[in-house]
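Data first, discussion second: the structure below is written as structure tokens.
Number of protein chains: 2
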Amino acid sequence: MIEELVIKSGTKILLIVLDGVGGVPVNGKTELESARTPNLDNLAKESITGVTDPISPGITPGSGPAHLSLFGYDPIKYQIGRGVLEALGVGVDLGANDVAVRGNFATVDDNGIVIDRRAGRISTEENKKICNKLQIRQIEDVKIELVPGKEHRFVLVLRGEGGVQPQLDERVTETDPQRTGVPPNRCEPLVTEATKTANIVNLFVERAQPLLSLPANMVLFRGFAKPPKIPSMQERFKLTPCAITTYPMYKGLAKLVGMEILGSGSTIEDEIKTLEVNWQKYDFFYFHIKRIDSLGEDGNFEAKVNEIETIDRYIPRFIRLNPDVLVITGDHSTPSKLRAHSWHPNPFLLYSKWTIPDKTIRFTEQECMTGGLGRFNAIYALPLMLAHALKLNKFGA
Amino acid sequence: MIEELVIKSGTKILLIVLDGVGGVPVNGKTELESARTPNLDNLAKESITGVTDPISPGITPGSGPAHLSLFGYDPIKYQIGRGVLEALGVGVDLGANDVAVRGNFATVDDNGIVIDRRAGRISTEENKKICNKLQIRQIEDVKIELVPGKEHRFVLVLRGEGGVQPQLDERVTETDPQRTGVPPNRCEPLVTEATKTANIVNLFVERAQPLLSLPANMVLFRGFAKPPKIPSMQERFKLTPCAITTYPMYKGLAKLVGMEILGSGSTIEDEIKTLEVNWQKYDFFYFHIKRIDSLGEDGNFEAKVNEIETIDRYIPRFIRLNPDVLVITGDHSTPSKLRAHSWHPNPFLLYSKWTIPDKTIRFTEQECMTGGLGRFNAIYALPLMLAHALKLNKFGA
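In order, the protein sequences belong to chains A and B.
So the first sequence is numbered by our numbering: it starts at 453 and just counts up by one.
So the second sequence is numbered by our numbering: it starts at 453 and just counts up by one.
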């Protein structure tokens, strides 16, 4: 419905995603509650706040669905296969007809039985060397790309693009048996249209084996996937969106929904400079700050607190740009105490001259829980941003 | 599901809709926050409150869908075409087989090219005179009705009722080209069943033209519609509902869901007398107060505040009737600052001996945001009213 209501206008929306910012208390306080955040506090006083469920109450999201939801896409409807997410994570561009799959380097014994599914977790350096050795660039009419990931992980991309447009199909079985003591599975088509794809995969394994040696003398595949067909934010919301993020996977996610990817630095200072320089050119800015999430996954409460305080010092820079709508939220929570993504709702703050400010005085989990936006599904974040930017016509007369 | 649970009983529900009551702050306070409302405040203290989204977060509703939602009807499922709403707005009764369409008086040049889609916004008086001149009462077996609206607007109704029951169908193209510099479009059927309707429309235009003169020498049509097929509140909720409202469109909306329309006055005092006189005869009362919305659309903050204070003085009259359930809410917000309907959730108050009162001490946007009902979709307003009136059996054993 929203597609029929949206209008193009000059107002600007800035969505700042503090990756994994939410936490749970340690000694009575969460990371946000422990941090000194005078700028966020002031902003909270002038804003309306709430908490969001990325998927639904109790569900812990991966980064893919959590972001899709914030971008206004139903994460249940648009599911991103593992192969695609891994490809995005290593910075591979995927065409609509490409099939990507996650690979593991593994160890098999003389009888071809898998004895280590991760080849002793070889180093990332070793992984790169092996990928360099595996010069298999084409099988039949299908172009092949092999991209090393971390430790024993890599991504295999079968290109469905090019002069001949080979017809690839992701509906094939996995070769990774997911346990040791058995041989790898052959790749089998689940539908006849996928026969060719399965053949290519099996041929790849055959040709790769002579080029491999212990401990990484086998490859295992799981999660064959094509990129989901997602209508762009331009089409759906008449936005001219861009993304400022330092990590490949988020660049890939942003690209999936049609955002232009800006900047090449690695620090918040780099990112904010990119934002300032490009402020006139777009009307939707996805600004991603990653490091808090990594610190949460490390279980490093103190470092996460410090990073939040660092971010707080940048808040005036964002406000100086005078966005018509400024949203600050997380994609998911990453409590240091849990060392992982969690299901806890994300604190959410919306600042605009069209809000009714609530009584919230800090940007913390507990404060936002009683905020004026209440608890809502993150899928409504984008409609709320569009509304406060006066980019939506009314529904019905 | 609710239809299977509902039971007929003698308890009485009074739904007071303060049209467009919600606002956004001007100098730190909304209209409700600025008004002195001792009676509403006392009521809020004894009630449970919350805020409602008429459609979904961020969506600004027209009056039609906003009211349907409050009456317990999914406004996405039951969409009311523009022609029907316009007809309701000028007080025309529509039968199930009638087709209504919005008309504009327009100006065309000697070559038949539209040069002004609104005929210079002729006066409402002039409009009435033209409609009087256009004595086209029947074409073939279809009875025709022409009802003047404001300025250049009118409503054309093709009657599908009567002895012969002509088969009319709204699936035809619009004649309004929606821009100048081109001739009006012919009305074309989009499905074969609509061939007759398209012919009647084209014949109407042909016959009208010789009766028209500059500047209003053409008619343009858009928004052909039949009334939606809506099961009545009697059928769905076993209610005996009535409506007390002073504006045609709201009478029409109420009639669409089966309400009996009461009263003929124009002031709140007239309305409340109608309510008092008819209190014994019904079990669901839709009581509509319109003027606050108009003042919001005018951008008249002070007058909207004063009108809210006036309404407040009537609150004891409502309470004296001792309704089993009293709800006070808006259909949508109309902030004076925005001079238009908005997406902001509506403050909602439910008073009944079966509520759990919350900590709310005033009937304002900010207070209701933290009310015990939380933020909810307005479609749940009716089930909540039925429940607190003990009109719902339990679901399952």
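For each residue, glycine too, the CB sits at the ideal point set by N, CA and C.
Only a predicted model underlies this, so the values are computations on that prediction, with no experimental measurement involved.
A residue is called buried when at least 16 other Cβ atoms come within 10 angstroms of its Cβ; ILE528 (chain A) does not meet this threshold and is exposed.
Judged by pairs of C-beta atoms under 8 Å, the segment 645-661 of chain A does not touch the segment 575-585 of chain A, as fewer than three such pairs exist.
Sixteen is the threshold: since fewer than 16 other Cβ atoms of the shown chains lie within 10 Å of the Cβ of PHE847 (chain B), the residue is exposed. In chain order, SER508, PRO509, GLY510 make up the part of chain B whose C-beta sits under 7 Å from the C-beta of TYR832 (chain A). Using beta-carbon distances, THR822 (chain A) counts as an interface residue toward chain B, with a partner under 9 Å. In the pairwise beta carbon analysis, the segment 491-502 of chain B is classified as touching the segment 796-808 of chain B: at least three pairs are separated by under 8 Å.
Inter-residue distance for THR627 (chain A) and ILE831 (chain A) is about 36 Å (C-alpha atoms, whole angstroms). In this structure, DSSP gives PHE815 (chain B) a state outside helix and strand, which the three-state scheme calls coil.
A straight line joining the alpha-carbon of GLY541 (chain A) with that of HIS740 (chain A) spans about 15 Å. Shortest Cα-Cα distance from GLU749 (chain A) to any of A:LYS733, A:ARG772, A:LYS789, A:SER508 involves A:LYS789.
The segment 661-672 of chain B and the segment 514-530 of chain B do not touch, with fewer than 3 CB-CB distances between them shorter than 8 Å. Contact annotation: the segment 675-689 of chain B touches the segment 707-726 of chain B, with at least three C-beta pairs closer than 8 Å.
Annotated as proximal: GLY516 (chain A) and ILE532 (chain A), with beta-carbon spacing under 9 Å. When A:GLY474, A:GLU455, A:SER461, A:THR463 are compared, the shortest CA-CA separation from ILE780 (chain A) is found for A:GLY474. For HIS740 (chain A), the uninterrupted beta strand (DSSP E) segment begins and ends at 736-741. According to the DSSP assignment, PHE523 (chain A) belongs to no beta strand (DSSP E), since it is labelled neither H nor E.
For CYS639 (chain B), the secondary structure class from DSSP, reduced to helix, strand or coil, is coil.
For LEU537 (chain B), the residues of chain A that pass the 9 Å Cβ criterion are GLY848, ALA849, in the order they occur in the chain. If only uninterrupted alpha helix (DSSP H) runs of at least 4 residues are considered, those enclosed by the segment 522-605 of chain B are 534-541, 576-585.
Between the segment 475-485 of chain B and the segment 753-760 of chain B there are three or more C-beta pairs closer than 8 Å, enough to call the two in contact.
Relative to ASN563 (chain B), the option among B:GLY826, B:GLY633, B:VAL599, B:ARG827 whose CA is nearest is B:GLY633.
For ILE528 (chain B), the nearest beta carbon of chain A is closer than 9 Å to its own beta carbon.
Residue B:ASP722 holds the alpha-carbon nearest to the alpha-carbon of ILE696 (chain B) among B:PRO679, B:ARG674, B:ASP722, B:LYS681. Taking a contact as a CB-CB distance under 8 Å, the pair GLU538 (chain A) and VAL607 (chain A) counts as one, their CB atoms being some 5 Å apart.
With a 10 Å radius around the Cβ and a threshold of 16 neighbouring Cβ atoms, ILE465 (chain B) comes out buried.
The Cβ of GLY462 (chain A) sits no closer than 9 Å to any Cβ of chain B. Not flagged as an interface residue toward chain A: GLY524 (chain B), since no C-beta distance is shorter than 9 Å. Across the segment 629-651 of chain B, no CB contact with chain A closer than 7 Å is found for any residue.
With a contact defined as Cβ atoms closer than 8 Å, PRO513 (chain B) and HIS840 (chain B) miss out at about 24 Å.
A direct Cα-to-Cα measurement between ARG743 (chain A) and ASN774 (chain B) gives close to 59 Å.
Inside the segment 729-812 of chain A, DSSP marks whole alpha helix (DSSP H) runs of 4 or more residues at positions 743-749, 753-772, from first to last along the chain. Of the residues assessed, ASN845 (chain A) falls on the exposed side of the cut-off, its CB having fewer than 16 other CB atoms within 10 angstroms. Within its own chain, the residues whose Cβ lies closer than 7 Å to the Cβ of GLN590 (chain B), once the five positions on either side in sequence are excluded, are ILE596, listed in chain order. Each of B:ALA792, B:PRO635, B:ARG765 was checked against the Cα of THR559 (chain B), and the nearest Cα belongs to B:PRO635. For LEU484 (chain B), the enclosing alpha helix (DSSP H) covers residues 483-486. Restricting attention to A:GLU817, A:GLU819, A:GLY675, A:LEU714, the CA atom closest to the CA of ARG554 (chain A) is found in A:GLY675.
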